[in-house]
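In the working numbering, the protein residues as written are 6 to 237.
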């Protein structure tokens, strides 16, 4: 499964209008008996939308997809935001939100909390900048798929679940990504770093190594240093 494909599918769905308790995504997932019981017409569908994005980009392989998004193959209650957050926590793939040094990566499932701390809603992180995060969320704005922006200081953000997108990819040097010359990849990411796209310090390291290309931060940072010195 490719993070880029998942994110592009999410962006292509922006503007879809469903109902508060039903959507084409709910109907689709019910067809595959993805959850513990049918969900169409029975519940809001923010988590269902994110699971749908993963399932359709994994050739509808239900068991594999559940594993990738940290859900159980039996009695799957992942259509509920609080349940889904707990599934990520159980698999040690949960990251608490921090206004400074935000751990979010593109492709993460973002979760939102009420003032009492209870988790009630989710979406998928599709981009970020120095000010905050861009998300795509289902079952919002009256039953729509919407793109939204949140500042890092937004108190509604609870944390992030990180699907294991490349869990079933063959080890082929590209980690499931589209083919790109390794040297060209390092240079491209180094230029992005210089432009401020990946932040600094530990934040940069986490984001570079979390892109799905392996532990390449050191190579990228070395290239950044060479570029800044005019050697590359």
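Ideal placement from N, C-alpha and C gives every residue a C-beta, glycine not left out. Small disclaimer: the values here were computed from a predicted structure and weren't measured.
DSSP lists no beta-bridge partner residue for residue 159. In the structure shown, residue 127 falls within a strand segment according to DSSP collapsed to helix, strand and coil. Contact between the stretch 219–234 and the stretch 186–197 is present: 3 or more CB-CB pairs across the two stretches fall below 8 Å. Residue 204 and residue 211 have their C-alpha atoms spaced approximately 10 Å apart. For residue 50, there is no enclosing alpha helix (DSSP H), as DSSP marks it with neither H nor E. In this structure residue 37 touches residue 65 by the C-beta definition: roughly 7 Å separates them, less than 8 Å.
139 is the residue among 89, 44, 40 and 139 whose C-alpha sits nearest the C-alpha of residue 109. For residue 138, the pairing in a beta bridge is given by DSSP as 133 and 155.
Assigned with DSSP and collapsed to three states, residue 22 falls in strand. Comparing alpha carbon positions, the residue from 146, 34 and 137 closest to residue 154 is 137. Counting C-beta atoms within 10 angstroms of its own C-beta, residue 187 has fewer than 16 neighbours from the protein chains shown and is therefore classed as exposed. Looking at the backbone, the Cα of residue 94 and that of residue 31 are separated by about 24 Å.
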